[in-house]
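J.: What follows is a single structure, and I will ask about it in a moment.
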Amino acid sequence: MDATIITNIFGEFSAMAPMIIMIIGALLMPALYFTTKKRGVVGGALVAFILVSLAVNVILLLGGYVGTYAGLFQYDAFSGLMILLFQIVAFLVALVCTSSIEVTRLHYGAFASLLLGATTGMMFVATATDLVVIFVGVELTSISSYVLVAMKRNDPRAAEAAVKYVIIGGMSTALTIYGLSMLYGVTGTTNLAEIAVSLSTAGFSWAFGIAMITMIAGYGFKIAAVPFHMWAPDVYEGAPTPVSIFLATGSKKMGLVVFFKIFLIMFVAGASVASFATVEMQYLFAIIAAITMTVGNVVAISQTNIKRMLAYSSIAQAGYILIVMAVMSEYALTGGIFHMFTHVFMKGGAFLIVGALICAGIGEKITDYRGLAKRAPFLAFAMLLFLFSLAGIPPLAGFTSKFVLFSAAIYGGDGATSQWVWLAFIAILNSAISLYYYARVVKAMYIEKGTATDKIKVPKAFLAAIVICVAAVIVLGVFPQIILGPASEAAAALFSLV
Amino acid sequence: MFIEYTWLVPLIPALCFVLVGFFGNKMGKTGGGYLAIAGVAVSCLLSVLISYEFFTSAAYASPGYYTESMTWFTFPGGFEITIGFYVDTLACLMMMFASFISMLIFVYSLGYMGEEGKRKRRYFAEVALFVTGMLGLAISSSFIEMFIFWEIMGLCSYLLIGFWSFNHPEGDDKADNAASAAKKAFLVTRLGDVSLMGGLFVMLYAFGSLDYTVVFDAANIASVDHNLIIIACLLIFGGVIGKSAQFPLLDWLPDAMAGPTTVSALIHAATMVKAGVYLVARCFPIFCEASSVMLLVAVIGGVTMFFAATMAMNNMNIKKVLAYSTLSQLGYMFLALGAGGYMIAIGIETGDTALIAAGSLGYTAGCLHMVNHAFFKALLFLCSGSVIHSTGTEDMREMGGLGPKMKVTSITMLIGSLSIAGFPFFAGFFSKDLIIEQALHAADYGTAGWIFIVLWALAIITAFMTAFYMFRMWYMTFRGPEGPKTQHCHGESPKSMTVPLMVLSIFAFGFGFVLLFGFDGLLSINVDLATGQFFVGGGHAEGLEYLVEFFTNPWTYLTIVLVIAAIIIAKFMYDKRKINPGKFNKNGTSWLYRALASRWWFPELYNQVSWKLGYGVARGVDYVDRNIVDGAVNGLSNAVVGSGDILSKAQTGNVRNYAAVVLGGIVVLFVVILALFYFMGGL
């Protein structure tokens, strides 16, 4: 497809075209709700805006468009693909939130507006080439999502989750901005590429060390890396399920994109020779990755609430993706991007089923899922697919993407034996552990007997979203080339950003 | 003309799975059973046609296989994943016997599962999927494809063991038992599968591809780090141990008997557990890289063979006896493959072609025993199914004297028992004797040869035990005084059950004769010493000379005498009741009897390791995460967050503690990064 269709319309703003549409949508939503007072209209418009933005992005992406704006934004294969990821998340959430009973009936315009705003923030991050833009994007997303979590107003759990989220989030913001200013002090610039060049000739300094630590802590909060993970289960559990989906699959990916952008560019892509701190940072990330996946998986075993279990499993999945930061190769990044996509569908799908069942009056405890296979055969089967995909059972998408990701850790680089084999080994062991708690849910659904036997009816919108996820989990597993090709282009684009 | 369509062989049962799964209950009373039988019959016919075409084609002579594959996907680093099919003698053998036996067992299921009502749909759909897995495994052209089918079989095994976990005909206790047996089988084999997957990763790393033609190419093997191949072989063998229930992962198989007897016959005797044997046979080109790997295969096989046979000696459950005997016979197969491979590996090192030819016989013996065992063990299980069907019990003490009431079953089961015991001219005789001979032969070579003397002695003792426990079972069931359930016996089972028994008993008796008609030439493994390339088939066939060899070898007579002695002892103990078995085991109080009854404490071992250790660690970490970490930072948290009292005691977690953990984490990270810089010289 030809990107000129878009560039003719947006001119010099083409690099920001998908975001501009989202921003217009965000501004229109409250007005639309105020004039029509109909949730259906707002919901339709919400989906429409996301789809238009998605279409624009796909045209740009397929057209191979590369463009910059004001030296702060750059649209390329990497940002295009990441924007696509965020749009898919937003689409899935927008599709179901109108029919979910958990989403507030009041202020629905505000809800839609915040959802678009938060997505825009993520897209900012995906296109940013400057630390300040990244910071603004992350804050846009964070502040919007604080409100999204709090919008289930009558539920004390939601209020509590939101307050926790705000407090810990505020702390992480403080840490981040502290780190950013330190880094600015060391390098004298906020442009990512220039920082990379500046660092490749610098030596160790205390300010640099503090900057690294505080930035890892601040953004580690976003991806819920251990030990900055403790807010995540509380918030996912307390928030309305569509918002949990948004946080677990979208917001977390934004944190990972920040990691990719800042640290990969800073330490690998920018430096023609390895930066002075590359090896040390690789080991640091490897340790964080190993601990994150292990804690996530092990603690998930003892959870009885399915949303908390999925939250811990999310933490573990983020740990897997952090392998990219340890290996720091283009191949690993390809695997990481692939896994981010499959994670959207399998984790998103699992949360969608939880959300759909809440609408049907089923609780969040694993014991509430007993006998589900009889009551809702399709939902139970879809859940089984998602959980098995998360555990990495072939031929589902989770297996294929984990396969690429872990093999990146074993392969390392140009035919040499990688020093990250141990990390891959830990990751494989973790996959084995994870099967235990996923199987528990499957057992509850298929083997144990439930008290109720009546059939379950769930809203059509949820079914549609779940069908999309099921299709994606199977198709991406069997034909990984669909996403692997663009992902390897995206990885190449990120590595050539400087 | 047929061989190009080999991919249809697993696809047809897959199609049946989908059709039966969705529309089974609309297909009449059998729940789609006829469709499943028809599907697997077509697969069977196609397998025969493909095999015929392959053996008469030029591809059989050179390169010894016919393969077609396409690239599924590639990923950076030059790795390529292919799928396709790969036909050679081994694959032909596997798909023929697997589809044939599956067909017979499906027919038998019509009668055996006749009272299951609507749940027959599920049964036939799942067994059709299982057959897909088995046939797909047989014709896979790459390890990754093999692994996928391997996992499909694992899934079906899990589902079918737990078939009665919803409503067991004998009540809720049995249903719970089925559920936990299914779980155990799944988790234990999964342990092996993780190892197998690790092996595949290592191979992918070493070869850049998992296609058989690439991995088994001598030039490629030579260019890869020798140690890497050994690691891969060991990891792959870990998967084999899980799937084929070898020591120490053997305990899931006896529990798996909680499933329907047809499932035990099909999956846990005739086909799925053979996947491990098949994989070792398939991987000969890489397993023969080191004689030590083959030695390990033989030792694991020998140990399992012996221990499993001991556990069958005093078990009272007819299906459990057969399950232990399956383990024991699988052990024989691995002993044969291990001994043969050991000789081949040494033959390659020393350049001794005669030794390689001798080793090839071990390969042949292992594979022949695999097929023979499939026939006689499927037969034995189906016979036991027939008995269970008409008496409603699995406990042999409640049977006895059933012979006159169930003539067909008792005679076919006698044929099966004679075959497995290795009575002369029955199928089991040929393969078992060849295996015992191989073990003795291998003892002459290499520094570790003496181990094979031990294994040979164990094999002979096991042959004695096999004959004893099989005839103990037969006499306890069909002869001797009538048991409490004998009066309730419905008599002989329906035709749909007895006809498969009769067909199988023909094969259980006669399949051994293939050895005299060139089987060893077709299924031989040869090595071109100049290039190191392995190829299957086209070897020298000894034919009738085997008869001369068997009966001029004094050891053969030792085995025969032992077997006959065992049968006579069993007759006096359980039929004539002249000898009281209680004398030998102090009426069940001797330590040996208790050890056997508690299965050499394997279940306890599993519990200790998995439950106590695994779950304990999980609980421990959770405890640390919740209590100790939170507690330790409490003091710090007061200092850090101070007066922030909002929601200080929350329902799900304490926000002050969270903040403190974050700050504590930063401190830890800082220490870590300083240490890293310090030790790596960046500071």
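If you read the sequences in order, they're chains A and B.
In short: position in the first sequence from 1, add 65, done, that's this note's numbering.
In short: position in the second sequence from 1, add 1069, done, that's this note's numbering.
From the three backbone atoms N, C-alpha and C, an ideal C-beta is built for every residue, glycine too.
1. Residues of chain B with a CB under 7 Å from the CB of VAL469/A: which are they?
2. Closer than 8 Å, CB to CB, is TRP296/A near chain B or not?
3. Quick check on ILE1742/B - is its C-beta less than 8 Å from some C-beta in chain A?
4. Along chain A, in chain order, which residues have C-beta atoms closer than 8 Å to that of PHE1216/B?
5. Taking C-beta pairs closer than 7 Å, name the residues in chain A that GLU1506/B reaches, listed in chain order.
6. What separation, rounded to the nearest whole angstrom, lies between the Cα atoms of LEU146/A and LYS326/A?
7. So which residues on chain B does PRO545/A lean against when the C-beta distance must stay under 7 Å?
8. Can you list, in chain order, the residues of the region 1298 to 1329 of chain B whose Cβ is nearer than 7 Å to any Cβ on chain A?
9. Is GLY1102/B close to chain A, meaning its C-beta is less than 8 Å from at least one C-beta of that chain?
10. By how many angstroms is the C-alpha of HIS1557/B removed from the C-alpha of LEU1451/B?
11. Residues in the same chain with beta-carbon distance under 7 Å from ALA1359/B, minus the five sequence neighbours each way, listed in chain order, please.
12. Using Cβ-Cβ distances below 8 Å, what residues of the region 527 to 545 of chain A are close to chain B?
13. Along the region 296 to 325 of chain A, what residues have a CB closer than 9 Å to any CB found in chain B?
14. Pull out every residue of the region 224 to 235 of chain A whose Cβ sits closer than 7 Å to any Cβ of chain E, in chain order.
15. Just by C-beta distance, which residues in the region 255 to 286 of chain A are closer than 9 Å to chain B?
16. In chain B, what lies closer than 7 Å to VAL507/A by C-beta?
17. To which residues does DSSP link SER1211/B through a beta bridge?
18. With 8 Å as the threshold, decide whether the Cβ of ILE427/A is near any Cβ in chain B.
19. With a threshold of 16 other CB atoms inside 10 Å of the CB of GLY542/A, please say whether the residue is buried or exposed.
20. Quick check on this structure: which residue in VAL1293/B, PHE1285/B, GLU1185/B has the alpha carbon closest to the alpha carbon of CYS1352/B?
21. Please say whether ALA1635/B and LEU1577/B have beta carbons closer to each other than 8 Å?
22. Would you check if the distance between the CB atom of MET55/A and the CB atom of GLY315/A is smaller than 8 Å?
23. Using C-beta distances below 8 Å, list every residue in its chain close to VAL338/A, excluding the 5 sequence neighbours before and after it, in chain order.
24. For GLU1040/B, name the three-state secondary structure that DSSP assigns.
25. Given that GLU1220/B touches chain A, what residues does it touch there, using C-beta distances under 8 Å?
26. Could you please give me the residues that DSSP links to SER1574/B through a beta bridge?
27. Any residues in the region 137 to 155 of chain A with a beta carbon nearer than 8 Å to a beta carbon of chain B? Which ones, in chain order?
28. Give me the chain A residues within the contact set of LEU1745/B, using Cβ-Cβ distance strictly less than 7 Å, ordered along the chain.
29. Three Cβ pairs or more, each shorter than 8 Å: is that satisfied between the region 350 to 362 of chain A and the region 481 to 492 of chain A?
30. Got a sec: is the Cβ-Cβ distance from ALA497/A to anything in chain B below 8 Å?
31. If we ignore side chains and look at the alpha-carbon of each, how far apart do ALA1274/B and GLY1579/B end up?
32. Using a Cβ-Cβ cut-off of 6 Å (strictly less than) and excluding sequence neighbours within five positions of CYS162/A, which residues of its own chain qualify?
33. Going along the chain, which residues of its own chain have a beta-carbon closer than 8 Å to the beta-carbon of VAL1283/B, five neighbours each way excluded?
34. Which residue marks the beginning of the alpha helix (DSSP H) containing GLN152/A, and which one marks its end?
35. Of all the CB atoms in chain B, is at least one closer than 8 Å to the CB of VAL364/A?
36. Using the rule of at least 16 other Cβ atoms within 10 Å of the residue's Cβ for burial, across every protein chain shown, is ALA555/A buried or exposed?
T.: If we stick to the structure as given:
1. By one-based count along the first sequence, residue 469/A stands at place 404. Residues of chain B passing the Cβ test: PHE1144.
2. The residue given as residue 296/A occupies position 231 in the first sequence. With 8 Å as the cut-off, TRP296/A counts as an interface residue toward chain B.
3. The sequence position of residue 1742/B within the second sequence is 673, counting from 1. Chain A, which has a Cβ nearer than 8 Å to the Cβ of ILE1742/B, makes this yes.
4. Counting from 1 along the second sequence, the entry for residue 1216/B is found at position 147. Under the 8 Å cutoff, chain A gives PRO459.
5. Mapped onto the second sequence, residue 1506/B falls at position 437. The contacting residues do not exist; GLU1506/B stays about 41 Å from chain A at best.
6. Mapped onto the first sequence, residue 146/A falls at position 81. Mapped onto the first sequence, residue 326/A falls at position 261. Cα to Cα, the separation comes out at about 14 Å.
7. Translated into the one-based positions of the first sequence, residue 545/A becomes position 480. Near PRO545/A (Cβ distances below 7 Å), the residues of chain B are PHE1142.
8. none
9. Residue mapping note: residue 1102/B aligns to position 33 of the second sequence, counting from 1. Not an interface residue.
10. In the second sequence, counting from the first residue as 1, residue 1451/B sits at position 382. In the second sequence, counting from the first residue as 1, residue 1557/B sits at position 488. Near 20 Å, if we compare the C-alpha coordinates of HIS1557/B and LEU1451/B.
11. The residue labelled residue 1359/B in the question sits at position 290 within the second sequence. So the list reads ILE1299, ALA1414, once near-sequence residues are dropped.
12. PHE544, PRO545
13. TRP296, PRO298, ASP299, GLU302, GLY303
14. In the structure shown, chain E does not exist; the protein chains are A and B.
15. GLY268, PHE269, GLY274, ILE275, MET277, ILE278, THR279, ILE281, ALA282, GLY285, PHE286
16. Indexing the first sequence from 1 puts residue 507/A at position 442. The premise fails here: VAL507/A is roughly 10 Å from chain B at the closest Cβ pair, so nothing lies under 7 Å.
17. Residue numbering aside, residue 1211/B sits at position 142 when the second sequence is read from its first letter. Looking at the DSSP assignment, SER1211/B forms a beta bridge with ASP1280/B.
18. Stepping through the first sequence from its first residue, residue 427/A is reached at position 362. Not closer than 8 Å to any Cβ of chain B, the Cβ of ILE427/A fails to qualify, so no.
19. For this step, residue 542/A is matched to residue 477 along the first sequence. Burial call: buried.
20. Within the second sequence, the letter at position 283 stands for residue 1352/B. Ranking VAL1293/B, PHE1285/B, GLU1185/B by Cα distance to CYS1352/B puts PHE1285/B first.
21. Here residue 1577/B corresponds to residue number 508 of the second sequence, with the count starting at 1. Here residue 1635/B corresponds to residue number 566 of the second sequence, with the count starting at 1. At residue 1577/B the sequence reads Ala, which differs from the Leu that was named. Cβ atoms of ALA1577/B and ALA1635/B: not closer than 8 Å.
22. Absent from the model: residue 55/A. The displayed extent of chain A is 66 to 563, so no value can be given.
23. Residue mapping note: residue 338/A aligns to position 273 of the first sequence, counting from 1. Only weak support exists for where VAL338/A lies, its pLDDT of 48 falling under 50; the value from the coordinates is given anyway. Excluding sequence neighbours, VAL338/A sits near SER265.
24. With chain B represented from 1070 up to 1752, any question about residue 1040/B goes unanswered, as that position is not in the structure.
25. Here the question's residue 1220/B lines up with position 151 in the second sequence. Per Cβ cutoff of 8 Å: ILE458, PRO459.
26. By 1-based counting over the second sequence, the position of residue 1574/B is 505. For SER1574/B, which the question treats as bridged, DSSP gives no partner whatsoever.
27. none
28. Within the second sequence, the letter at position 676 stands for residue 1745/B. Here the neighbours are GLU345, TYR348, LEU349.
29. yes
30. Translated into positions along the first sequence, residue 497/A becomes position 432. By this cut-off, ALA497/A is an interface position.
31. The residue given as residue 1274/B occupies position 205 in the second sequence. The residue given as residue 1579/B occupies position 510 in the second sequence. Checking the sequence, you will find Tyr at residue 1274/B rather than Ala. Approximately 45 Å between the Cα atoms of the pair.
32. Along the first sequence, one-based indexing puts residue 162/A at 97. Correct list, in chain order: VAL168, PRO307.
33. Here residue 1283/B corresponds to residue number 214 of the second sequence, with the count starting at 1. Excluding sequence neighbours, VAL1283/B sits near PHE1276, GLY1277, ASN1289.
34. Position 87 of the first sequence holds residue 152/A. Note, GLN152/A: alpha helix (DSSP H), 142 to 162.
35. The count along the first sequence starts at 1 and reaches residue 364/A at position 299. With 8 Å as the cut-off, VAL364/A counts as an interface residue toward chain B.
36. Counting from 1 along the first sequence, the entry for residue 555/A is found at position 490. Buried: at least 16 other Cβ atoms inside 10 Å.
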